[in-house]
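Since the structure comes first, as structure tokens, the remarks are kept for the end.
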Amino acid sequence: VMCSREVRTEREVVARTRELREREEDLRVTLHSIHDGVLVTDAEGHITLINPEAERLTGWTATEAVGRPCAEVFRIVSALSGETAADPVRQVLETGQPIGLANDTLLWARDGRRIQIADSAAPIRSPDSHHLDGVVLVFRDVSEEYATRKALEESERRYRLLFERMD
4 VMCSREVRTE
14 REVVARTREL
24 REREEDLRVT
34 LHSIHDGVLV
44 TDAEGHITLI
54 NPEAERLTGW
64 TATEAVGRPC
74 AEVFRIVSAL
84 SGETAADPVR
94 QVLETGQPIG
104 LANDTLLWAR
114 DGRRIQIADS
124 AAPIRSPDSH
134 HLDGVVLVFR
144 DVSEEYATRK
154 ALEESERRYR
164 LLFERMD
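Start counting at 1 in the sequence shown, then tack on 3, and there's your number in the working numbering.
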């Protein structure tokens with residue numbers, strides 16, 4: 004026969020479990036609603052979560068990406084040199100500090116597309132703030148804005164040359 008305390012404790016556990024599941028579902032819905040790519044890693048830099056926009060941009064499904072090193076899925080190169088860019092997740096894990104990447108960063112998608120991106124990476128800390136549990140990486144396609152900015156810079160350069168020749 005269960006005493007009233009055991010029944011109360013069991014009810015509390017059931018209620019707490021239900022509450023945690025609801026919070027987890029709210030978080031899942033939120034992450035899937037964001038129009039930026041979101042990758043979350045563990046403390047070793049392996050992907051634990053990838054949202055649909057990150058799947059679209061990288062070309063990796065969640066099933067394929069989860070458990071892999073982030074640098075394998077989130078391959079980035081310099082738009083200026085074509086060289087592999089520093090792994091932002093590794094940088095955050097080493098320094099514990101948030102970072103933003105240079106504007107001249109290309110994401111090399113699984114299908115070979117190269118997408119101009121803006122991104123940032125931030126540490127995920129345990130509640131005591133002393134232990135680094137992982138990294139959240141947020142990125143978006145800025146190809147259109149980048150192309151517009153480059154066209155504007157080229158136009159300004161041409162007009163400057165034209166003006167200088169008129170003198």
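Idealized CB from N, CA, C, for every residue including glycine.
Task: Q119 classed as buried or exposed, judged by whether at least 16 other C-beta atoms fall within 10 angstroms - done: Result: buried.
Open item on the list: Our contact map puts D136 next to R128 with C-beta atoms below 8 Å; I'd like the distance itself, whole angstroms only.
Closed with: 6 Å
Task: Spatial neighbours of N54 in its chain, beta-carbon cut-off 7 Å, leaving aside the 5 residues before and after - done: L34, H35, I37, G40, V41
TODO: Leaving aside the five residues before and after V4 along the sequence, list all residues of the same chain whose C-beta is less than 6 Å from its C-beta, in chain order.
DONE: Annotation note: pLDDT 49 at V4 (below 50); position unreliable, coordinate value reported separately. Excluding positions up to five away in sequence, the list is empty.
- [ ] Rank R116, V138, L140, L109 by C-alpha distance to the C-alpha of M84 and give the top, closest one.
- [x] Note that residue 84 is Ser in the sequence shown, not Met. Answer by Cα proximity: L109.
Task: Entirely enclosed beta strand (DSSP E) segments - the segment 10-97, minimum 3 residues - done: Those beta strand (DSSP E) runs which fall completely within the segment 10-97 and span 3+ residues are 40-45, 50-53, 79-81.
Open item on the list: Between which residues of its own chain and R143 is the CB-CB distance below 7 Å, once the five residues before and five after are set aside?
Closed with: D39, G40, I120, A121
Task: Buried or exposed (CB count within 10 angstroms, at least 16 for buried), E15 - done: Residue environment for E15: exposed (fewer than 16 other C-beta atoms within 10 angstroms of its C-beta).
Task: Separation of G115 from V43, as counted between CA atoms - done: Taken atom to atom, the span from the alpha-carbon of V43 to that of G115 is near 23 Å.
- [ ] Would you kindly check if the distance between the Cβ of P130 and the Cβ of V95 is under 8 Å?
- [x] Result no, Cβ atoms of V95 and P130 do not sit closer than 8 Å.
- [ ] Determine the closest residue to K153 out of A82, L165, D90, with distance taken between C-alpha atoms.
- [x] Checked all of A82, L165, D90; the closest Cα to K153 is A82.
Task: S158 - DSSP class collapsed to helix/strand/coil - done: Of the three classes helix, strand and coil, the one that applies to S158 here is helix, per DSSP.
Task: Boundaries (first-last residue) of the beta strand (DSSP E) holding A125 - done: 117-128
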